[in-house]
RNA sequence: GGCGGCAUGGCCAAACGGUAAGGCAUAGGUUUGCAAAACCUUGAUUCUCGGUUCGAUUCCGAGUGCCGCCUCCA
């Protein structure tokens, strides 16, 4: 089955055909590095991670760019309030972002350009826009003149004349210099409150607007036209709309072929908000002792265009699911005899898995295929019908699917230390001598150290609790 | 005021006109020294009301509820 994606631009499910055969260039809106990312941020980043992994699984060469926004109003305000330098502040949160990304098993993108490292490129792009008559200056700032770009609104499907200015109650005072309130800043003139944060450029003393960084950096690393652009649904307007305007006005070419937007994460059915007390960073969940793989599971297990309702019950269910897969892999590992090679089961699982993800990243179908496989194989193992070839094949399959989803780890790292293994041996001796009270006592001791011992026909199995 | 999304068994969640996947939890069973794991069995007519259709969770309309965007929030 060919890959299909739902394209926000057309509001339709479309056959996916990259601009260049075999190669995919994608841009994914990254974090603003002024805080620890919350799990809602990671819902979007992990959707993008799943996307890139699946495309690679399908044999494409993927070039992904994720920007790091390290200059904006909030960052400046924080620097002003704390006295910390911009570089120091954003450096800390960049590091935190990568640390959290690693914890969640996110693959690294090919490029992580930061806005402040691309001031020259930004200035060049603004100059091009100015040269083509798409800008005007006001009070030292440079604005994009919206009515010079006829296609404005084609992504968000907003009728530009019906936008209710200031409906969000967030229009800043310094926006009033625009001729039309809907025009947006490309370059913002320096103001007193900016302190030490400014760049002296041909455009004057100031700093870049928000949207322009994504246009200039995406085009620098991916070219004037590229395949996929992702982001949270909230970025569709105005951010992505403005990116299209800037980019296409500058180049005269189509900017992006497929726009993919992820829906929000809710917590207990409500929008995540600090005021509601349901706001979580990854670190909050880790402190509560939750498994990063289970967290990843919960964040990707809902289709990316559906609102994902995060609950601790769901996280617990995901934890159990991860455990089930790990147990299954341990069980495969213990198989030594001859028997079925599982060729049919493996092929069926992988086909359904791949077909599901090809269908606009239907993760639920993909996970269901794996669970069906686990159940089918477990049944065969119960009947002693699976041989070592089958076990190896099944393990290899899970390795392949883990490379795509990141939620089927082997649990190999849970290797018990010698002291624990000694206790297990002692317990075996006790059991052989029918000294079950001693055996149960040892099991309790192991449990206290966080290890579970299970008796199987092939001997005891130790695993992390 | 404009635009848009969502509503499926206790919880999470698929299905894009053909008669409701999967996971977790629950209950019963097989197995086990006891457990654990595994396996088997167990449960929904899909928010409400209309309409289109031989047939609707799926399409259309109205309503109810929750949510998002409308200039810098993934």
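Residue numbers (our numbering): -14 to 450.
All C-beta atoms in this analysis are idealised placements derived from N, C-alpha and C, irrespective of residue type, glycine included.
None of the values given here were measured: they were computed from a predicted structure.
Worksheet item: Which residue or residues does DSSP assign as beta-bridge partners of residue 169?
Response: Along the first chain, one-based indexing puts residue 169 at 184. Answer by DSSP bridge pairing, in chain order: 129.
Discussion item. Here's the rule I'm using: 16 or more other beta-carbon atoms within 10 Å means buried, otherwise exposed. How should residue 403 be labelled?
Written reply: For the purposes of this step, residue 403 is taken as the residue at position 418 of the first chain. Of the other Cβ atoms in all chains shown, fewer than 16 fall within 10 Å of the Cβ of residue 403; this residue is therefore exposed.
Item to complete: Let me know the secondary structure DSSP gives residue 140 once reduced to three states.
Response: Looking up residue 140 in the first chain gives position 155. DSSP places residue 140 in coil when its eight states are reduced to three.
Item to complete: Determine the extent of the beta strand (DSSP E) in which residue 46 is found, giving its start and end residues.
Response: Along the first chain, read from residue 1 onward, the residue named residue 46 stands at position 61. Per DSSP, residue 46 belongs to the beta strand (DSSP E) from 46 to 51.
Fill in: At least three beta-carbon pairs within less than 8 Å, the segment 80 to 96 to the segment 23 to 31
Output reads yes: the segment 23 to 31 touches the segment 80 to 96.
Worksheet item: Across which residues does DSSP place residue 247 in a beta bridge pair?
Response: As a first step, residue 247 is located in the first chain; it is residue number 262 there, counting from the start. When DSSP reads this structure, residue 247 sits in a beta bridge with 217.
Worksheet item: Buried or exposed: residue 3, going by 16 or more other Cβ atoms within 10 Å of its Cβ?
Response: On the first chain, position 18 is the one that residue 3 refers to. Counting of Cβ neighbours within 10 angstroms places residue 3 among the buried residues, the total reaching 16 or more.
Fill in: Buried or exposed by the 16-neighbour rule on C-beta atoms within 10 Å, applied to residue 441
By one-based count along the first chain, residue 441 stands at place 456. Note on residue 441: under 16 other CB atoms within 10 angstroms of its CB, so exposed under the neighbour-count rule.
Worksheet item: In chain order, what residues of the same chain have a beta carbon less than 7 Å from the beta carbon of residue 279, not counting five sequence neighbours either side?
Response: Residue 279 sits at position 294 when you count from the first residue of the first chain. The residues 300, 303, 304 and 307, in chain order, have a CB closer than 7 Å to that of residue 279 in the same chain once the five nearest residues on each side in sequence are set aside.
Item to complete: Could you check what DSSP says for residue 211 in three-state terms: helix, strand or coil?
Response: To locate residue 211, count along the first chain from 1; it is residue 226. Reduced to three states, the DSSP call for residue 211 is strand.
Discussion item. Using only CA atoms, which one of 335, 39 and 58 lies nearest to residue 345?
Written reply: As a first step, residue 345 must be located in the first chain, where it is residue number 360. Checking every option, the nearest Cα to that of residue 345 belongs to 39.
Worksheet item: If you compare alpha carbons, which of 251, 205, 255 and 187 is closest to residue 240?
Response: Taking the first residue of the first chain as 1, we reach residue 240 at position 255. For residue 240, the closest alpha carbon among the candidates 251, 205, 255 and 187 is that of 205.
Discussion item. If you reduce the DSSP assignment to three classes, tell me which class residue 294 lands in.
Written reply: On the first chain, residue 294 is found 309 positions in, with the first residue counted as 1. Look at residue 294 here: in three-state DSSP terms it is strand.
Discussion item. Let me confirm a value: residue -8 is counted as buried when at least 16 other C-beta atoms fall within 10 Å, else exposed. Which label applies?
Written reply: Locating residue -8 in the first chain gives position 7, counting from the first residue. When all chains shown are included, residue -8 counts as buried.
Worksheet entry | Integer Cβ distance of residue 374 from residue 326, believed to fall under 8 Å | For this step, residue 374 is matched to residue 389 along the first chain. For this step, residue 326 is matched to residue 341 along the first chain. So it is a contact: roughly 4 Å between Cβ atoms.
Fill in: Residue environment, residue 421, which counts as buried when at least 16 other CB atoms sit within 10 Å
In the first chain, residue 421 corresponds to position 436, counting from 1. In summary, residue 421 is exposed, with fewer than 16 beta-carbon neighbours lying within 10 Å of its beta-carbon over all protein chains present.
Worksheet entry | residue 394, buried or exposed, once every other Cβ within 10 Å from all chains shown has been counted against 16 | By 1-based counting over the first chain, the position of residue 394 is 409. With a threshold of 16 other beta carbon atoms within 10 Å, residue 394 meets it and is buried.
Worksheet entry | Pairwise C-alpha distance: residue 318 and residue 423 | Position 438 of the first chain holds residue 423. Position 333 of the first chain holds residue 318. A straight-line Cα-Cα distance of about 29 Å links residue 423 and residue 318.
Item to complete: Could you tell me the distance, in whole angstroms, from the CA atom of residue 388 to the CA atom of residue 42?
Response: As a first step, residue 388 is located in the first chain; it is residue number 403 there, counting from the start. As a first step, residue 42 is located in the first chain; it is residue number 57 there, counting from the start. Taking the straight line joining both Cα atoms gives about 8 Å.
Worksheet item: If we ignore side chains and look at the alpha-carbon of each, how far apart do residue 288 and residue 297 end up?
Response: Within the first chain, numbered from 1, the residue matching residue 288 stands at position 303. Within the first chain, numbered from 1, the residue matching residue 297 stands at position 312. Here the alpha carbons of residue 297 and residue 288 stand approximately 19 Å from one another.
Fill in: Pick from 22, 36 and 187 that is closest to residue 343, judged by C-alpha positions
Position 358 of the first chain, counted from the first residue, corresponds to residue 343. Minimum Cα distance to residue 343 is reached at 36.
Item to complete: Would you give the residue range spanned by the beta strand (DSSP E) that residue 447 belongs to?
Response: Walking along the first chain from the start, residue 447 turns up at place 462. DSSP places residue 447 inside the beta strand (DSSP E), whose first and last residues are 444 to 449.
Item to complete: Pull up the distance between the alpha-carbon of residue 139 and that of residue 117, whole angstroms please.
Response: As a first step, residue 139 is located in the first chain; it is residue number 154 there, counting from the start. As a first step, residue 117 is located in the first chain; it is residue number 132 there, counting from the start. Using only the alpha carbons, I get a separation of about 21 Å.
Worksheet entry | Nearest-angstrom Cβ-Cβ length linking residue 408 and residue 427, presumed shorter than 8 Å | Numbered from its first residue, the first chain carries residue 408 at position 423. Numbered from its first residue, the first chain carries residue 427 at position 442. Going by Cβ atoms, the distance from residue 408 to residue 427 rounds to 6 Å, so yes, they are a contact pair.
Worksheet item: Is it buried or exposed for residue 49, if we count other Cβ within 10 angstroms and need 16 for buried?
Response: Position 64 of the first chain, counted from the start, is the residue given in the question as residue 49. Buried: at least 16 other Cβ atoms inside 10 Å.
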